[in-house]
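Read top to bottom, the protein sequences are chains F and U. Following the working numbering, the numbering of the first sequence begins with -17 at its first residue and continues without gaps. Following the working numbering, the numbering of the second sequence begins with -3 at its first residue and continues without gaps. All remarks here apply to the structure that follows.
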Amino acid sequence: MTTTPASTPPTNDPPTSGSTAPVLAVRDLTVTFQVDSGRAPDVAAVRGLSYDLMPGEVLALVGESGSGKSVSSMALLGLLPPTATVTGTAHLGQDDLLAMGRAELSQVRGRRLAMIFQDPSGALDPVFTIGFQLGEMLRRHVPGLSRAERRERATELLRMVDLPDPEQRLRFYPHQLSGGQCQRVMIAMALACDPEVLVADEPTTALDVTVQQEILDVLRRLRGRTSAAIVLITHDMGVVADLADRVVVMRHGEAVEQAPVAQLFAEPAAAYTRTLLAAVPRIGAPERPSGVDARDRPALNVEDLVVEYRGRRGRTVRAVDGVNLTVQPGEILGLVGESGSGKSTLGRCALGLAPLTSGVVEVVGTRVGIGSRAAARAARQRVGVVFQNPAASMNPRYTVGQSIGEPLAVHAGLRGPALRARVAELLESVELPAAWAERYPHELSGGQRQRVAIARAIALDPELLIADEPTSALDVSVQATVLDLFREIQQRLRFACLFISHDLAVVDELADRVAVMHQGRLVEVGARHQVLQNPQDDYTRRLLAAAPVPDPADQARRREERLREAS
Amino acid sequence: MSEATASVEDATAEHTGPPPGRGVWQTLRRRPLFWACVVVLTLLGLVAAVPSWFAGWFGQPDPRVCDLSSSAQAPSAEHVFGTDLQGCDVWANVIFGTRNSLSVGLLSTAVALAVALVVGTLAGYRGGWADRLISRLTDVFLGFPFLLGAVVVLTSVGSRSPVSVSMVLALFSWPTMARLVRSSVRSVRGAEYVDAARAMGLSTARIVRRYVLPNAIGPVLAVATISVGSVIVAESTLTFLGLGLRAPSISWGLQLSSAQSYFQTAPHMLVFPSIFLTVTVLAMITLGDILRDTLDPRGR
């Protein structure tokens, strides 16, 4: 780091030398939220959290949603809403962050303590070039620089995050960059003033695995190039294994365990850490019998499917490009790909929600897009669907019972007690109490909502179920239980299933066959073992290599292998 | 909270039914503001139904008994709200004006809202040519000067009852609401639960009625309640130009428009009708807000 005079010269000692003082020392951090302007009891989001962050160290705060991992870091930056009460101390060097006023804090924020947010494209202003935005940051925090110096510094920052052609990129607008590149720009902005501490809040969660890998590589290399210590907030054990030196596992606002990364993964002390680690899906599930008969009429048959969208200024975008695919009755086909690969469009085509440009889609014997609306509606009765976001896929004005009962009332004509009995039965089949039929979706947790969505999907005993990323919005431990439930129900009802996911490990736990999509094309289809253990296609191999495994030693080996291959 | 454990805990622990008292009525019943609005609106309704009884409270039961010699007098024991320019009792006029003003305000808003809901939903949900056609149509109405249009329509209609005036006002107030409905329907149409409903094979009518409209109606309801007040005032503009209700009709709007030029010398002529108008609009808006919150299960 050259041109900027950082407010305090950070030390460059390795984290192992025990004598150095921590850059950030958090003691007894407690955050309580006032609910409903004091009418409801206060909620403690963080309870007595203490940790030390050593210079140059990557400390991971791990936990599931609601564990207080994000809130604890927002509290340090003073970014919490006024309903929050924060107590405890957090010493950045000699200064207590929590005792600072707004003016002092804004001096520290961005300069000594910087933050990277989850959604990079949302955090950049779309109407300014990234060069301007970087310059703005420098002008605000390093007022002494001339125009040319700022430009030079901005270029240097972009180079530091491995953005190719940094001089040219300065003139780019955020929409001209990919998600991964935007995130690198965000990291560059965070590093603009040589902060002592960098707080990265789920920096790779919104990104595809291959892009996530790039960002993780950038963050790793940063450790050699800057002196910033990193607080990494994540729910992903694979990311922890890849990047962290030390880990704090949080649950219900408390730290349940603090350990160096190798020790945490090798011998987790807390029971919760063990469950968390056990819930992380890993590739390598054992062989499962499958009673699929290839001679049956396929439940879903896709031939030469092409889907084109007319983009802005008349450009056509090919979302799906000549895909052939079948799903046999009783079979789970895992359809894997990154965002924009066309996997969701394929699923929507099968549901009749996306128009097909050419090709044939046959769903339980009925061709989609041909014939009367009544015929299409009749076919849809035999198809169930589970969407990614259970909060969005249910009518917020309906009770759980109404949502589940909707297909029954409309298609099966069930009414009154018969309908209620069937809804109760369905709720129990997804392991929810029958009395919850009276509740509204917003009163349930994410996992419970997804169970309701599954109950609705199986209400009419479908022949085909299309599940579009059904567990991606869920925490790992919830994901594990939902996947168990899903598998159990599929084995009971024997429906065919198109299981769309970006997560290879999840697909490995469920699918009989796996299809990999890339840029609208199917690059590889085959039996689960063959595709995941012995991939033939280059892209499949890259995808497999990019997903971080929750094992630090293994992950380090994989990274070395990958970097060796790359060089 | 970790959901894995939460689901297990919740399933076994105390919650086995819905919390008590969460229906629409139970929630409404417990809100004092709701009752305040109900009382105000009921009173206004009674005033509109039997104005002569209310007008007689202070000994001036007839709004048309005017004494030019006591023009623009401040409130006194005889005339509690004072008198207007013609020497008529303001209280009696306000009371007798309630029927016309309320019926014009409510009728015109209801018609405009109904048209806006149908047309806006059609444009927002169908999209395509229907959307383009309706959007241009609303543009035409919004671009057309309200007064010019009203003059043309009212002179060609001939009759000047509160109903015809309401219709003309509705004709020029539906486009704003229709655009609002269109945009909120469009945003709801893209929601996953609407996709889910379509994937379930529900009919379009059912999807619109049960999934789209209930979730899209909030913003337009809020605007509709506010529009009741502005319609009452707009009626006064028309009447002032001799196009609305014909004299000797009595309405708040008429009183307001004749009083505005004397505000500095006789403010009471403007203040008292304004209070009635404000209270009506406030009660409508508040009731609208409360109903919207209560009908949304997340707000209960």
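Glycine included, every Cβ here is placed at the ideal spot set by N, Cα and C.
Note down the Cα distance separating residue i from residue j, rounded to an integer number of angstroms.
i        : j        : result
U/Leu217 : F/Ala267 : 54 Å
F/Gly75  : F/Leu127 : 26 Å
F/Ala538 : F/Ala394 : 55 Å
U/Phe50  : U/Ala255 : 23 Å
F/Asp10  : F/Ala535 : 32 Å
U/Thr233 : U/Pro293 : 41 Å
U/Arg175 : U/Gly116 : 6 Å
F/Leu317 : F/Phe481 : 6 Å
U/Val149 : U/Leu167 : 10 Å
F/Thr137 : F/Gln158 : 17 Å
F/Ala3   : F/Pro102 : 33 Å
U/Leu39  : U/Gly93  : 14 Å
F/Glu491 : F/Asp519 : 21 Å
F/Asp227 : F/Arg510 : 34 Å
F/Ser161 : F/Thr208 : The sequence given here has Gly at residue 161 of chain F, not Ser. Taking the straight line joining both Cα atoms gives about 23 Å.
F/Leu139 : F/Leu335 : 44 Å
U/Val195 : F/His484 : Note on residue identity: the sequence assigns Ala, not Val, to residue 195 of chain U. Going by the C-alpha atoms only, they are around 22 Å apart.
F/Leu204 : F/Val213 : 13 Å
U/Arg132 : U/Gly139 : 10 Å
Are residue i and residue j closer than 8 Å when you measure CB to CB?
i        : j        : result
F/Arg433 : F/Glu413 : yes
U/Trp33  : U/Ile286 : Reading the sequence as shown, one finds Cys at residue 33 of chain U and not Trp. In contact: U/Cys33 and U/Ile286 (Cβ atoms closer than 8 Å).
F/Leu43  : F/Val230 : yes
F/Ala373 : F/Gly429 : no
F/Gly282 : F/Met219 : The sequence shown places Leu at residue 282 of chain F, not Gly. Cβ distance not < 8 Å, so F/Leu282 and F/Met219 don't count as in contact.
F/Ile440 : F/Val367 : no
F/Ala96  : F/Leu189 : no
F/Leu446 : F/Phe468 : no
U/Gln82  : U/Ser67  : yes
F/Asp278 : F/Pro530 : no
F/Ser411 : F/Ala437 : yes
F/Ala332 : F/Val343 : yes
Taking residue i as the reference, which of the options has the closest Cα?
i        : options                                   : result
F/Val13  : F/Gly235, F/Gly329 and F/Pro378           : F/Gly235
U/Thr134 : U/Pro171, U/Arg156 and U/Gly123           : U/Pro171
U/Leu29  : U/Met173, U/Phe140 and U/Thr282           : U/Thr282
F/Leu486 : F/Pro517, F/Phe468, F/Leu475 and F/Arg474 : F/Pro517
U/Ala192 : U/Val46, U/Val208 and U/Ser179            : U/Val208
F/Gly30  : F/Arg233, F/Asp457, F/Pro530 and F/Asn371 : F/Arg233
U/Pro59  : U/Gly284, U/Leu266 and U/Ser245           : U/Ser245
F/His424 : F/Arg379, F/Pro399, F/Ile436 and F/Gln501 : F/Arg379
U/Thr35  : U/Val275, U/Asp289 and U/Thr290           : Here residue 35 of chain U is Val; the residue named in the question, Thr, does not match the sequence. Looking at the Cα atoms, U/Val275 is the closest of the given residues.
F/Arg84  : F/Phe99, F/Ile98, F/Thr187 and F/Pro64    : F/Pro64
F/Val498 : F/Pro148, F/Leu401, F/Ser323 and F/Pro530 : F/Ser323
U/Pro47  : U/Gly214, U/Gly238, U/Ile130 and U/Ser97  : U/Ser97
F/Glu313 : F/Ser52, F/Val507 and F/Val274            : F/Val274
Among residues of its own chain, excluding the 5 on either side of residue i, which ones have a beta-carbon nearer than 6 Å to its beta-carbon?
i        : result
U/Val76  : Phe54 and Trp87
F/Ser272 : Asp494
U/Leu165 : Ser104, Val227 and Ala230
F/Ala72  : Val8, Leu58, Leu79 and Leu80
F/Pro532 : Met219, Gly220, Ala223 and Val262
F/Leu6   : Leu35, Leu74 and Val179
Which residues in the same chain as residue i place their Cβ atom closer than 8 Å to its Cβ, once the five residues preceding and following it in sequence are excluded?
i        : result
U/Val90  : Phe77, Trp248, Gln251, Phe268, Pro269 and Phe272
U/Gly17  : Any reading at U/Gly17 must be qualified, since the residue scores a pLDDT of 48, below 50, and its modelled position is unreliable; no value is offered.
F/Leu442 : Gln363, Arg364, Gly366, Pro389, Leu390, His393 and Ala394
F/Val68  : Leu11, Thr12, Val13, Ala57, Leu62 and Leu80
F/Met551 : Summary: the structure shown does not reach residue 551 of chain F, with chain F confined to residues -17 through 549, and so no result is reported for it.
Going by beta carbon distance, what residues of the same chain come within less than 7 Å of residue i, once the five residues before and after it are set aside?
i          : result
F/Arg404   : Leu390 and Leu396
F/Thr(-14) : Unreliable positioning characterises F/Thr(-14) in this predicted model, as indicated by a pLDDT of 42, which lies under 50. The coordinate reading is nonetheless provided below. Excluding sequence neighbours, F/Thr(-14) sits near Val124, Arg135, Cys175 and Asp176.
U/Val224   : Gly101, Leu102, Thr105, Val277 and Met280
F/Arg91    : Leu59
F/Phe154   : Thr111 and Ile112
F/Ile265   : Leu486, Ala487, Asp490 and Leu514
U/Leu42    : none
F/Ser569   : Summary: the structure shown does not reach residue 569 of chain F, with chain F confined to residues -17 through 549, and so no result is reported for it.
F/Glu39    : Pro(-3), Ala211, Asp227 and Arg228
For the segment 273 to 292 of chain F against the segment 306 to 320 of chain F, are there 3 or more C-beta pairs whose distance is under 8 Å? The segment 273 to 292 of chain F, when compared against the segment 306 to 320 of chain F, does touch it at the 8 Å Cβ threshold.
Is the number of C-beta pairs between the segment 157 to 170 of chain F and the segment 188 to 202 of chain F that are closer than 8 Å three or more? Short answer: they touch.
Say whether the segment 110 to 124 of chain U touches the segment 175 to 190 of chain U, bearing in mind that this needs 3 or more beta-carbon pairs closer than 8 Å, one atom from each stretch. Output reads yes: the segment 175 to 190 of chain U touches the segment 110 to 124 of chain U.
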